[in-house]
Each structure stands twice: as C-alpha cells, then as structure tokens.
Amino acid sequence: MSDLTRISAATLAEKLSAGEVSSVEATQAHLDRITAVDGAVHAFLHVSADEALATAADVDQRRAAGEDLHALAGVPIAVKDVVVTKGLPTTAGSKILEGWVPPYDATLVERIKAAGLPILGKTNMDEFAMGSSTEHSAYGNTHNPWDLTRIPGGSGGGSAAAVAAYEAPLAIGTDTGGSIRQPGAVTGTVGVKPTYGSVSRYGLIAMASSLDQAGPVTRTVLDSALLHELIGGHDPLDSTSIAEPLPGLVAAARQGATGDLTGVRVGVIRELQGEGYQAGVLARFQESLAILEAAGATIVEVSCPHFEYALGAYYLIMPSEASSNLAKFDGMRFGLRVVPEDNPTAERVMSATRGQGFGDEVKRRIILGTYALSAGYYDAYYGSAQKVRTLIQRDFDAAFAQADVLVSPTAPTTAFKLGEKLDDPLAMYLNDVATIPANLAGVPGLSLPNGLSDDGLPVGFQVLAPAKADDRLYRVGAALEALLEKNWGGPLLSQAPELEVAR
Amino acid sequence: MSTLVDYDDAVARFDPVIGIEVHVELGTRTKMFDGAPAGFGEEPNTSVTPVSLGLPGSLPVVNGTAVEYAIRIGLALNCQIAETCRFARKNYFYPDVPKNFQTSQYDEPIAFDGHVDVELEDGSIFRVEIERAHMEEDAGKNTHVGGSTGRIHGAEYSLVDYNRAGIPLVEIVTRPITGAGARAPEVARAYVQTLRDLFRALGVSEARMERGNVRADVNVSLRNTPQDALGTRTETKNVNSFRSVERAVRFEIGRQAGVLDEGGSIVQETRHWHEDTGTTTSGRIKSDAEDYRYFPEPDLVPIAPDRAWVEEIRASLPELPAARRRRLQGEWGYADAEMRDVVNAGAVELIEATVAGGTSPAAARKWWMGELARTAKQQEVELEALPITPAQIAALQKLVDDGRINDKLARQVLEGVLAGEGDPEAVVVARGLEVVSDDGPLLEAIDAALAAQPDIAEKIRSGNLGPVGAIIGAVMKATRGQADAGRVRELLLERVAQG
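Residue numbers (the UniProt record's numbering), protein chains in the order written: chain P, 1 to 503; chain U, 1 to 499.
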C-alpha cells in the first residue's frame, strides 16, 4: 500500500511541488488503489488511466522545465459522472446516455485540466443525481467503505466513496438537495455545496437548474477549500454565475485550523434536530457544539419556522425543473435510441427511448414535475412552492442576523443498509431534510465528519453560511476539524476498517 | 364542407376581426442564447454549438444585441419597455426543438402596449394596436423525405437542420384589429408590410420574406355586428408573403361566413395556408392543444434594461418609414397618388438611390414605375429583384440627358442591361446605339431616301411639307434609330431648300 493515497491533497501537492514525488507516481498509486478496491466499492463508472497518466507525465515535465504550476497541479481527481468531460464517457448514471462521449468540457473540467489535475475517472451516482443512496444508478450500487453492505449516500455516493476508500484525494460532486453533503456525512468525508452561482454549472447535466451546484468532495476541509478555489469563480457561460471574485477560502481554512473561533456566533437551528434524528447523531452534534464553544464561539439558538415545509417545496420545484431539463433525452440527437418495431414515428421513438432509458426514480420525478407544472395546477404546486422558497430565504436572513454561521447534523441517520429504503421513496427523501433548505435559499453548506454514532458509523456536522460568505464555512469547519482530530488523535477515516485488497 | 360565401356578401353580413402575430428573425451576428453564427444558407448542422444542439450540460446566455434590437422594435412600435422581464420555457416535444422546450417570453414580454399607424392604398391611415413584442428562439428546420407533399404525412424519414435553432426572433402580437370591415385583408397586408419596412429601417433584420425572415400567423373571426363579442377565431400559420396575408384573411372570411351561414360554428384551430390554391385547411384543434407547462427559465436571470440605455436607444432610432416617406414625397414633388404607387410598388429605396445618382425625381419615377414595373410584372418578381441597380438607371438617364441616346435607344440600352450585357455605357458601345451626331451620314441617308421616293421628294420640294415624315422615317430606319429625328428634319428641309 502506497502512502501517497493516504495523504491529503494539500500534502500531496506540497510533495509534488518539492519534487519528492512525481505526479505519475501519485496517479499510478491511485490507479493501483482503484484496481485493488473498486471491485468491492464500485465508486467508478469509468477509469481513465491512460489519460490521467498522460496528464501526470505532462505536469511532471512542465514542473521539471520550471513552469509555474497551479498549487494542485499533478494531484489526481475523480469527477462525478453528471459532469461532462470531453472524450470521456458521461452517463449521469443513466442508461439513456450509455456510450455518449461529450464533445465538450464543463467549465469546471476545463479549469481542472488547465491546472493539470489528472482525471482518474467518472464516479457512480444515482441516475441524474436523483437519490440519496446511489442505488438508483443504472450501473449498480456503490458500497460504503465503512461497511460494504451499506449505502454511501447519494446522489454522489461514488465521489464520496472514492475519497473515503483512498481511490482519489479529491473528487467533484454536485448538490441539488444534499448530494455532496449527505454522502460526505455517511462516509466520513468532507463535502461542500458552494453558494449558488459560485461554481459554474456549464457542463453539469442539469437536474434542477435553480438548485444544482457543483462542489468539492475531499477528506479534509483545507482540501475542499483548495478545490473550491480552483473550480469556482465567474463563468460567462453560466448566466446564474456570480460576477464577483470568491472570498479567500484557503486563507479562511488556514485561519480556522488554528482552532480559534473567538467572536464567531454559531446559530443552532432548532428545527433541524430532535425527532427523526438518531441518538448518536444528536450526541455527536452536542459534543461538537461544546468544542466550538470552547474554541471561543458563541452558541445561539435560532428558529427557522418554515424549514418544515422545505422538503415539500423541494419535491415540487426540483421535479418541475427536472421534468423540463430531462426532456432533451429523447433519442433524437445523442445517447440511447430505441426504435419500436412498428410505425417508428419520432414521437414513438422518443417514447420508447425514454421508457427504456430512464429508471423508475427518474420517471417518478418527471411525472411529479409534469403534473406540478400543468395548467390549472401550476399556482397550487409550483407557485406555492416558490412562495415557500421565499419564506425559507427569509428564515435564513433572520437567522443570519443573529449568527455568523448556522449548524445542524448533516443527515438524520448514519448509513443505512443497501436496499433498506429502496421501496420507500418518502423515507429516502427524508435523508435530505437538513440539507435541502440551503439549496432552496442558495446559501453554502459544508459537511465534515464529527465522530461515530453508536453503530460505529460516521456522523456528519453541517455548517451553513450566508450567500457569498463561503469562507465562513471553511473557517469554522477547519477549526472543528482540527479540534476533533486532536481529540481523536488523527482523522476519523483512520478508524475505518481496512478494505480487503483484490489481487 | 360548407360553401364559400362570396367576399362582398360575407363582409356585408359579418364584421371581421383579425389579429396578427409576426415573427421576425433578428439579424444578429450570433444566436439568441449562444455563440453560434446566426447565418443563412450554411451546410446543415454546422452553425451549431452544444447550446444550440441542446447537448446535456449546456446553458443559455442571452444575446445582448438581440435584446437591443427587441427594444428598438418595441420603441418603434410605441411600446412600453419592461423594467424587468424574464424568459420562460415552453415545453413540448418535437425533434426540431433541441431541448424539447422553446425558450421564450411568456407573461413578461420585453415590450407591450404599443401601436403602429398603417397607410392603406388610398392613403388613409389605420391604427393597429400592439399587445406585446417578445423575444424567443427559432426552432430547427425539418425536411421530410419520401412523401409526395413535403409534409411529414407519408414521409419515409425526416432530416433536421439545427442551424436555425436558436436564431433570435421577436414576435409581435396585435390586439384584436376591429373596425376594418371589408378592408380587413388590406389592413392585414399593409400591417405586415409596414412592419417589414420598419424592421429594415431599424436595421434589426434583413426582413426578406422569401427567406422566411418575416413570418405571419393570421387570426380571423367573424361576428354579426361590431357590438357583439368576438367570435371564435382560427389561426392560419406561416403566411409568408404580403399577398398571401391578404388572400388568407380574405379566404378565411369567406369560409367562416359559409360555415356560420349554414348554422355551423367555427372551431378554434390552427389552419394551414396553401399558396397554390389560395385556401386554408384544418390543422390542429386548439381546444385540445398541448399544455405547454410554461415556467420561468431557471437557467437565465431576469432582463432589466437600464432606463438610460433604453433612452439612448430611443434617441438613436433612425427616421421611421412613414416619416421618411413624407419627407421624400416633399423633396421629390410627387403627387399623393404618385407617391402611394411608388410605395406600393416597393420603389421608395430604388428611386431614392437613383435620385442620389443624379437623376431627377421625375425621371427616376418614370423608369421604375414605367418600363421596369412592367418588366417586373411580366416576370412576376419584385422590382428590387430585377437585375438592374439604381446606379445603372442613373447612368442610363445621364446618357439621355447628355443627348447621347434618345428615349427609344434608351429602352434598348435598358433591355441590354437587364439581359446582363453590362452597364449602360457598355451596352451602348457593344450594341452601337449612340445617336448619330455627324451630319455626313445623315445627309447621305436623306439623299438616298429622297432618291428612293422621287414623288414624295417632288411634293416636298414644291412646298408641301405633309410627307416629310415618310422621309424622316426612312432615314431613321436606315440609321437603325440612332439619328436624332429633329436634326434629320432640319437637314432635310435645308436640303430641299437648296433645291
């Protein structure tokens, strides 16, 4: 086992920069790790070993030539399969895109490539990012490295599991209702959903345009900050992109790592605890609050009374937008085309293609959204949901008047068993109860591991900040991380069982 | 199928109400929501980007020039310009719509509540109220292969060209146009023509009807009297020439009158226009029309045109066609009827350019509204489509004014230019058409003519000037018309006097 897979991206970057290791060595180490464990974990849908090694060799050469490189140059990365990558298959976990190779790169991928990060491959996910367990992937389950019989969270279970299983130091996730943060919580990793508009959506296969946001999936808070700074910032190709520079995220993480939170007001959201939350999750949450307080933070309780309607509003807005965003998958221009035997008109080809190409959860949401947008129902459903959204934004505004950051458990429970909630969509949806409000309001959120529950599985701690104040996530997150690791004597992930290595 | 009612009877018994939706393709360099060139006539599926193909992950960005053009149109139509407005998605599945939704404006158009004054053929002005002008993107173009009609029905397969997908459009919707009575078809035609002229004057579109730059959907309904509520309307789609707009309205009035006369009722539907037969046929029934599930486009942010910018655009609007026509009529000294004919013939720009080339307004009008108008009519083309330029007409008239050719020769020169033989000067040289100004050859021809007709020569010599025309005619014939008849007469009389 190579050490290179166990170190953080920041540490690896330092070693690369110092010439202690080459990117080819680091990339090969991760490719070897993928070979060794991904049969059991199944985090990857596609491994791009040749391309990754070519990038690595190029970076090594440029470094040798004395070129000024990006801080993360040569550090390998995995990309969620919902992000389009030129020349690499991109399926969004769906049969309807099987075999599609995009002719262009997402903006964030362009930035990753320009900075010289070898792309190890594309990670598994719930089909079109619809799910909380990655069980809705059309290409099989991803397994939680802490317990292979359990879910890795979703939709970005592949990216979280890849990072947790040391298959990649960095990964890209996307978060529409918690798909970065909830997998982070259940795999003991760090995930950040940036402020809406902070990272370009150009090249993200859209589920819900007004909610989707790409972000970093890593093992440390600092690594997330480094990756966020790389992929974030204004992009003229995304009209909803914020035309302002990012706040200093890496600086905030480094400041936080000193463990001093003097003067920081931490608001505990009354509505995101209690009933429905596992006892171990609540216990770890209280312990973390005590640590923050000891670090100098002031703990205040805030109320967000409309959060109880967030899940309902989310499950109208998200499917409405998705029903329209997913209309383009029709077998006419790209991807799967199913031609019925008799009378194959365009309409029948579209119908057959969508019938066979989409899985049940995707169909469920398309049907929900189509209904919610229908004439006569629009005001009652989509219209009302938008009003709830405004109320939730106001709840946040009021709460942020009292506190610099808000905190809650990331997910109500630890990782459940594969198959456990597959037949109960509502139980599955409840996983995202604490993460969804941030998407509805466009504010940023971070999840970091804050201990193990009574069942020995990791628990996540969520930090939320006002829009465009993503730096606060990193300051508070890095402080808590440093203090927790001091108590644990190392990262939480080092307590995870070793995976059996395939030979 | 009910019988068609004679048009005069129809409008005597019913009050027609029309409404017109005009789509104009904007002449921007790039498409409405992406950087693909918004050209015409490229190889299929080459003017495309991931955005215009609707590839997964692609996102729209609004074309600022298209917004400016839409505002220009709105201001020229005396509309209010929205302080803020949004795009919406119009969801429907069709292969020429790459995303299976069209990005359009729905309840928040960029311009609304305007009007435009339309001049009818008799010079009277009819005001058309504008409900709204909104921005949207064009669809791709389907080609149905294998069927007999070029329509999808019976086709073996269809091809889609996405070059047009995403071309910026502005759709202009009138309020119901009432009070036109029997002149409804003429009003419809004049309205579309007025808009076409406006688009060109504003520089927002080439506005070429034959390329489909401007497309009209015409709504028609009938009611018993102007006091009644509006009747059920039909919408005839894609009526794409001025003449067709007039004919389609006229046909629908007659058809609907026939249905109503027989106690039937009008079905709210879209109808297809058939250029060849001048008729419409039933298309899609509107009552079970698709539910487009409009909702605000979440990939775009609202458009909030800065007020100062709007005022800047207003200040920079060019002289609009109606004002320009009034000015030119004054400058040219044309009578009202003459100016109307010039306008109706689409000759304003042509005459303006000819006058700019040094020709008198009267002579310019004589050419364009005379010989050239006849030629265009014979060839069934628009005046401007004739293969002759205003500069060539100006050059031709200069030859006449300089006395180098006469009117008769000028017509031959014109014929040569139209036949592609080059500029007037070149035609004169090539065809040897210049007026013979040297007296020598003329005297020879006169002597020959007198010798050939001794009896006539005798009469003239005896003081009877009646038959001089015969000699002049003979001389003209001998010189193939290149002689100046006046000069021939002078020389002839001198010759005879000399004995």
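Virtual Cβ for every residue (Gly too), placed ideally from N, Cα, C. All values reported here derive from a predicted model rather than from experimental measurement.
Spatially closest choice to residue i from the options, by CA coordinates
i                      : options                        : result
P109 of chain U        : U:A304, U:H274, U:R189, U:E25  : U:A304
K237 of chain U        : U:S244, U:T270, U:Q378, U:V214 : U:T270
L230 of chain P        : P:L480, P:D424, P:A10, P:A399  : P:A10
A40 of chain P         : P:A162, P:I366, P:I205, P:S323 : P:A162
V101 of chain P        : P:H46, P:S453, P:P491, P:V186  : P:H46
K363 of chain P        : P:M130, P:A56, P:P89, P:G66    : P:M130
Q482 of chain U        : U:N213, U:P467, U:A457, U:V400 : U:V400
H14 of chain U         : U:V218, U:P226, U:E331, U:V428 : This sequence places Phe at residue 14 of chain U; His is not what is there. Measuring from the Cα of F14 of chain U, the nearest candidate turns out to be U:P226.
G473 of chain U        : U:E21, U:F242, U:G486, U:L198  : U:G486
Y166 of chain P        : P:A399, P:H42, P:L272          : P:H42
D454 of chain P        : P:T220, P:V281, P:R181         : P:V281
residue 516 of chain P : U:A82, U:K99, U:R86, U:F33     : In the structure as shown, chain P starts at 1 and stops at 503, and residue 516 of chain P therefore has no counterpart that could be examined.
A467 of chain P        : P:Q393, P:A253, P:D223         : P:Q393
Q28 of chain P         : P:A54, P:G87, P:I205, P:S351   : P:A54
V5 of chain U          : U:A207, U:L222, U:L75, U:H153  : U:L222
Q392 of chain U        : U:A364, U:H153, U:H115         : U:A364
V37 of chain P         : P:T220, P:A243, P:H143, P:R111 : P:H143
V128 of chain U        : U:C79, U:D138, U:I152          : U:C79
S282 of chain U        : U:G330, U:L328, U:E252, U:F87  : U:E252
M350 of chain P        : P:Y371, P:G359, P:I366, P:A327 : P:A327
A111 of chain U        : U:S158, U:V170, U:Y157         : U:V170
S58 of chain U         : P:E25, P:I205, P:D223, P:T174  : P:I205
Cβ distance (whole Å) where residue i is taken to contact residue j below 8 angstroms
i               : j               : result
S179 of chain P : G158 of chain P : 11 angstroms between Cβ atoms; not a contact.
A160 of chain P : P169 of chain P : With 8 angstroms as the limit, A160 of chain P and P169 of chain P do not qualify as a contact, their Cβ atoms being about 13 angstroms apart.
V443 of chain P : A465 of chain P : 6 angstroms
L226 of chain P : S200 of chain P : The pair is not a contact, with the Cβ atoms about 18 angstroms apart (cut-off 8 angstroms).
K377 of chain U : P168 of chain U : Rounded, the Cβ-Cβ distance is 36 angstroms, inconsistent with contact.
A201 of chain U : P390 of chain U : With 8 angstroms as the limit, A201 of chain U and P390 of chain U do not qualify as a contact, their Cβ atoms being about 18 angstroms apart.
E185 of chain P : P458 of chain P : A quick correction: the sequence has Ala, not Glu, at residue 185 of chain P. Confirmed, Cβ separation roughly 7 angstroms.
D81 of chain P  : T123 of chain P : 6 angstroms
Residues that residue i bridges to, as DSSP identifies them
i               : result
D217 of chain U : U:E21
I130 of chain U : U:G114, U:T174
R265 of chain P : P:T298
H144 of chain U : U:S158
C85 of chain U  : U:I303
G215 of chain P : P:G173
S104 of chain U : U:A88, U:E136
D8 of chain U   : According to DSSP, which records beta bridges pairwise, D8 of chain U is partnered with nothing at all.
D147 of chain P : P:N144
T30 of chain U  : U:P37
G460 of chain P : P:P449
Q80 of chain U  : U:F112
F44 of chain P  : P:T123
P168 of chain U : U:E137
Contact test: residue i Cβ vs the ligand NAD heavy atom, cutoff 6 angstroms
i               : result
G263 of chain P : Absent from the structure shown: the ligand NAD. Ligands present: none.
### Query
Is the stretch 41-54 of chain U in contact with the stretch 169-181 of chain U, if contact means three or more CB pairs nearer than 8 angstroms?
Output reads no: the stretch 169-181 of chain U does not touch the stretch 41-54 of chain U.
### Task
Count the CB pairs spanning the stretch 377-391 of chain P and the stretch 244-254 of chain P that are closer than 8 angstroms, and state whether there are at least three.
No, they do not touch.
### Task
Taking only runs that begin and end inside the stretch 466-494 of chain P, name each unbroken alpha helix (DSSP H) of 4 or more residues, in chain order.
Correct list: 470-488.
### Query
Between the stretch 149-167 of chain U and the stretch 478-496 of chain P, do at least 3 Cβ pairs fall closer than 8 angstroms?
Contact fails between the stretch 149-167 of chain U and the stretch 478-496 of chain P, because fewer than three Cβ pairs, one in each stretch, are under 8 angstroms apart.
### Message
Is it the case that the stretch 17-28 of chain U contacts the stretch 211-219 of chain U, given that we only count it when at least three CB pairs across the two stretches are under 8 angstroms?
### Response
By the Cβ test, the stretch 211-219 of chain U is in contact with the stretch 17-28 of chain U, since at least three Cβ pairs between them sit closer than 8 angstroms.
### Query
Counting pairs of beta carbons, one from the stretch 444-460 of chain U and one from the stretch 403-416 of chain U, are three or more of them closer than 8 angstroms?
The stretch 444-460 of chain U makes no contact with the stretch 403-416 of chain U; the number of CB pairs closer than 8 angstroms stays below 3.
### Task
Entirely within the stretch 64-125 of chain P and at least 3 residues each: give me those beta strand (DSSP E) ranges in chain order.
Runs of the beta strand (DSSP E) inside the stretch 64-125 of chain P: 77-80, 119-123.
#### Entry: 4 or more residues per run - each alpha helix (DSSP H) lying fully within the stretch 210-289 of chain U
If only complete runs of 4 or more residues are kept, the stretch 210-289 of chain U shows the alpha helix (DSSP H) at 242-261, in order along the chain.
### Message
Between the stretch 271-285 of chain P and the stretch 400-413 of chain P, can you find at least three pairs of beta-carbon atoms closer than 8 angstroms?
### Response
Contact between the stretch 400-413 of chain P and the stretch 271-285 of chain P is established, with three or more Cβ pairs separated by less than 8 angstroms.
### Message
With three or more beta-carbon pairs closer than 8 angstroms as the criterion, would you say the stretch 334-341 of chain P touches the stretch 306-321 of chain U?
### Response
Contact fails: fewer than three Cβ-Cβ distances are below 8 angstroms.
### Task
For the stretch 290-373 of chain U, list the alpha helix (DSSP H) runs that are entirely contained and at least 4 residues long, ordered along the chain.
Qualifying alpha helix (DSSP H) stretches, in chain order: 307-315, 321-332, 336-344, 348-356, 361-366.
### Query
How do the stretch 101-113 of chain P and the stretch 129-144 of chain P stand: do at least 3 beta-carbon pairs fall below 8 angstroms, yes or no?
Flag = no, the stretch 101-113 of chain P and the stretch 129-144 of chain P do not touch.
### Task
Identify each residue in the stretch 326-345 of chain P for which the Cβ-Cβ distance to at least one residue of chain A is less than 7 angstroms, and report them in chain order.
Reference to chain A is not applicable here, since the protein chains of this structure are P and U.
### Message
Can you confirm whether the stretch 48-66 of chain P touches the stretch 93-100 of chain P when touching is taken to mean that 3 or more C-beta pairs between the two stretches lie within less than 8 angstroms?
### Response
With fewer than three CB-CB distances shorter than 8 angstroms, the stretch 93-100 of chain P does not count as touching the stretch 48-66 of chain P.
### Task
Ignoring anything shorter than 4 residues or poking outside the UniProt domain "Asn/Gln amidotransferase" (349-496) of chain U, list the alpha helix (DSSP H) runs there in chain order.
Under the rule that a run must span 4 or more residues, the alpha helix (DSSP H) segments found entirely inside the UniProt domain "Asn/Gln amidotransferase" (349-496) of chain U read 361-366, 372-379, 390-401, 407-418, 424-431, 439-452, 454-461, 468-478.
### Contact the stretch 67-77 of chain P vs the stretch 301-316 of chain P: 3+ CB pairs below 8 angstroms
These segments do not touch.
### Query
Is the stretch 117-132 of chain U close to the stretch 334-343 of chain U, with three or more CB pairs under 8 angstroms?
The answer is yes - the stretch 334-343 of chain U touches the stretch 117-132 of chain U, with three or more Cβ pairs under 8 angstroms.
### Query
Are there three or more Cβ pairs, one per stretch, closer than 8 angstroms when the stretch 362-382 of chain P is compared with the stretch 288-296 of chain P?
Of all C-beta pairs linking the stretch 362-382 of chain P to the stretch 288-296 of chain P, fewer than three are shorter than 8 angstroms, placing the two stretches out of contact.
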